[in-house]
Amino acid sequence: MENPGAGLAERSEPDVMAAAAATPTTAATPTTAATAARASPQPVTGPEGGDARTSFRFYDNRQKYLMFVNTCTEKWVVAERVERELQSIHPKPPAIRVFDAGVGDGTVLTRVLRSMHLRYPTLPFYVVAKEISLEDVRLTLDKTPDRFFEHPSTVLVITNLYYREAPWLNPQSVTAATTMNWHEVALTGTTAREFERQITSLQPLLAENWGTVVNKATGALGYERPAVLVIYREDHRFLLNSVIPRRGATRADYDLVIASQPYRLRAPLEFKASRVLAPLAKALGPDGRLLVVQSHGGDPGQEILQGVWPGENPFLHDRHQVLKAVKEVLGPAARSYNFNANPEERALFRHEMHTLPAEIEGSIGTSTLLAAWNAAVYVGQIEDARLEQALASSRYLEVTREVLRRHGGLWFCDEAFGISRRRSF
549 MENPGAGLAE RSEPDVMAAA AATPTTAATP TTAATAARAS PQPVTGPEGG
599 DARTSFRFYD NRQKYLMFVN TCTEKWVVAE RVERELQSIH PKPPAIRVFD
649 AGVGDGTVLT RVLRSMHLRY PTLPFYVVAK EISLEDVRLT LDKTPDRFFE
699 HPSTVLVITN LYYREAPWLN PQSVTAATTM NWHEVALTGT TAREFERQIT
749 SLQPLLAENW GTVVNKATGA LGYERPAVLV IYREDHRFLL NSVIPRRGAT
799 RADYDLVIAS QPYRLRAPLE FKASRVLAPL AKALGPDGRL LVVQSHGGDP
849 GQEILQGVWP GENPFLHDRH QVLKAVKEVL GPAARSYNFN ANPEERALFR
899 HEMHTLPAEI EGSIGTSTLL AAWNAAVYVG QIEDARLEQA LASSRYLEVT
949 REVLRRHGGL WFCDEAFGIS RRRSF
């Protein structure tokens, strides 16, 4: 989940994640703190629909995020689901074009890149990854040296731009466009270790350019300065000349767009459709496919939440409602797309928390209970104020223990749905 818990959508100049519960004292406070996201940080609502009095920065808690991604299989399972989409794309010269709408720690993307190499070992890759979190950008880049070694004809682009900008690598405001930091890195050498050294040396550049700002009026988190980082191998520059993006002259036309947990569960439906998914659909090329993954609920994780907060249901909009809203936002242009909700047996899939049989059969240890509790509140996106109240007693541990024993473990249910662009468009 590129956002702790369930999705993360983007913060905004209008699309941004909600800020901390405490309202900043300045109109725009620079910070380089990472915004954790399940696959990417997401806005609770953004300036356009949020109540600044109740906004909070759920995804800023790196401890919750890292515990979740390291104890649960969601990223593995999502990557497998994305791999199935590769069978249906129809790439055209000069490259396969992929956009990750919230790369998070890079686990999903790097697994997908391995699958792409298996299927298309000789074709050039043009891959754009959107991420506002500095820490997640670092984690993602740390996974890429072997990708450049195995598939040398790769162009990787990392950007902190908003959903409405990132697919085109083009800020919409004149001020942002003129101040954008566009940095190109041509890796030298032929080994993963050589690439690793050069990518690691980019840390000062990232720290300088991946800062964020918090807007006092909206509580929205956005980039301090727009940034684009382009990486490719120097010894493949000639081959990739028509693939490497040029500042101010970049097209979208993606063959595949990955949107795993791209918004907060409780975000307004109109926000999910107009600020996140509609721009991503518009970034598709003919025959291009957008795969969306969001939390579904109806699983042991939700049982834990309802055991502590009766009636708790953060899963407000199912795939049918979301797709209908996107159609309405696109208007007449919706005729150029196919909207694929898929039947339950194809749309729903589950991911689990890693446990050993002995951990559940006998006396369940505190560490297992805490990991399960963390996963449940992460997926359910429970805000800190409510968590503090729940932690005042041991009831949350008792509920978690009961659910784990009843089901023999902990698992969560996600749903996948898609939008594809018709070839005739």
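If you count the sequence shown from 1, position 207 lands on 755 in the working numbering, and the numbers rise without skipping. Just so you know, even glycine gets a beta-carbon here, dropped at the ideal spot from N, CA and C. Predicted, not measured: the structure shown is a model, and the values here were computed from it.
Going by C-alpha to C-alpha distance, which of Arg645, Phe819, Glu772, Trp758 sits closest to Arg976? Because residue 976 is not part of the residues shown, which for the chain are 549 to 973, the question remains open.
Endpoints, the alpha helix (DSSP H) within which Gly855 is located: As a first step, residue 855 is located in the sequence shown; it is residue number 307 there, counting from the start. From DSSP, the alpha helix (DSSP H) with Gly855 extends over 848–856.
Could you tell me which of Ala831, Gly966, Leu918, Val685 sits nearest to Gly759, measuring between CA atoms? Within the sequence shown, residue 759 is the residue found at index 211, counting from 1. Among Ala831, Gly966, Leu918, Val685, the Cα nearest to that of Gly759 is on Val685.
Starting from the C-beta of Leu825, find all residues in its chain whose C-beta is less than 6 Å away, skip the five residues before and the five after it, and write them out in chain order. To locate residue 825, count along the sequence shown from 1; it is residue 277. Within the same chain, Leu825 has close Cβ partners Val874.
Start and end of the alpha helix (DSSP H) containing Asp783? As a position in the sequence shown, residue 783 is number 235, starting the count at 1. First-last for Asp783: undefined, no H or E at that position.
Does DSSP classify Trp758 as helix, strand or coil? Residue numbering aside, residue 758 sits at position 210 when the sequence shown is read from its first letter. Three-state result, Trp758: coil.
Report the rounded CA-to-CA distance for Asn708 versus Tyr771, giving the unit in angstroms. Indexing the sequence shown from 1 puts residue 708 at position 160. Indexing the sequence shown from 1 puts residue 771 at position 223. Asn708 and Tyr771: Cα-Cα distance of roughly 7 Å.
Nearest-angstrom Cα separation, counted from Ala677 out to Thr577: In the sequence shown, counting from the first residue as 1, residue 577 sits at position 29. In the sequence shown, counting from the first residue as 1, residue 677 sits at position 129. Note that Thr577 scores 38 on pLDDT, short of 50, meaning its location in the model is unreliable; the coordinates nonetheless yield the value given after this. In a straight line, the C-alpha of Thr577 is about 25 Å away from that of Ala677.
Residues of its chain near Ala570, where Cβ-Cβ distance is below 6 Å and the 5 sequence neighbours each way are ignored: Stepping through the sequence shown from its first residue, residue 570 is reached at position 22. Legend: pLDDT at Ala570 = 34, less than 50; position of this residue unreliable, value from coordinates given subsequently. Cβ neighbours of Ala570 beyond the five flanking positions: none.
Is it a yes or a no for the region 835–845 touching the region 803–810, going by three-plus beta-carbon pairs under 8 Å? yes
Report yes or no: do three or more beta-carbon pairs, one from the region 923–940 and one from the region 844–858, lie closer than 8 Å? yes
Run the CB neighbour count on Thr736, radius 10 Å, all protein chains shown included, and call it buried at 16 or more, exposed below. Taking the first residue of the sequence shown as position 1, residue 736 is located at position 188. Flag for Thr736 reads exposed.
Pull up the distance between the alpha-carbon of Arg745 and that of Phe897, whole angstroms please. To locate residue 745, count along the sequence shown from 1; it is residue 197. To locate residue 897, count along the sequence shown from 1; it is residue 349. Between Arg745 and Phe897, the C-alpha separation is close to 38 Å.
For Ile637, which residues of its own chain have a beta-carbon under 8 Å away from its beta-carbon, when the five flanking residues on both sides are left out? Counted from its first residue, the sequence shown places residue 637 at position 89. If we look at Ile637 and ignore the five residues flanking it on each side, its Cβ neighbours are Ile644, Asp803, Leu804, Asp835, Gly836, Arg837.
Thinking C-beta only, is Ile792 closer than 9 Å to Ile706? On the sequence shown, position 158 is the one that residue 706 refers to. On the sequence shown, position 244 is the one that residue 792 refers to. Contact: no.
For Leu804, list the residues DSSP reports as bridge partners. Here the question's residue 804 lines up with position 256 in the sequence shown. According to DSSP, Leu804 bridges with Val646, Arg837.
Which of the three DSSP states, helix, strand or coil, is assigned to Ser941? For the purposes of this step, residue 941 is taken as the residue at position 393 of the sequence shown. In this structure, Ser941 counts as coil in the three-state DSSP scheme.
How big is the Cα-Cα spacing for Met517 and Leu671? Because the chain in this structure spans residues 549 to 973, residue 517 falls outside the shown range and cannot be described.
Between which residues of its own chain and Gly654 is the CB-CB distance below 7 Å, once the five residues before and five after are set aside? On the sequence shown, residue 654 is found 106 positions in, with the first residue counted as 1. Excluding sequence neighbours, Gly654 sits near Leu687, Thr688, Lys691.
Coil, strand or helix - Ile706 by DSSP: Position 158 of the sequence shown, counting from 1, holds the residue named residue 706. Ile706 falls in the strand class under three-state DSSP.
Less than 8 Å between the CB atoms is what I'm expecting for Asp694 and His844, so what's the real figure, rounded? Along the sequence shown, one-based indexing puts residue 694 at 146. Along the sequence shown, one-based indexing puts residue 844 at 296. That belief does not hold up - the Cβ atoms of Asp694 and His844 are roughly 33 Å apart, past 8 Å.
Taking all protein chains shown into account, decide if Arg883 is buried (16 or more other Cβ within 10 angstroms of its Cβ) or exposed. The count along the sequence shown starts at 1 and reaches residue 883 at position 335. Label assigned to Arg883: exposed.
Can you tell me whether Leu843 is helix, strand or coil according to DSSP? Taking the sequence shown and counting its residues from 1, the one referred to as residue 843 is at position 295. Here residue 843 is Ser; the residue named in the question, Leu, does not match the sequence. DSSP places Ser843 in strand when its eight states are reduced to three.
Helix, strand or coil at Asp694 [DSSP, three-state]: Position 146 of the sequence shown holds residue 694. Of the three classes helix, strand and coil, the one that applies to Asp694 here is helix, per DSSP.
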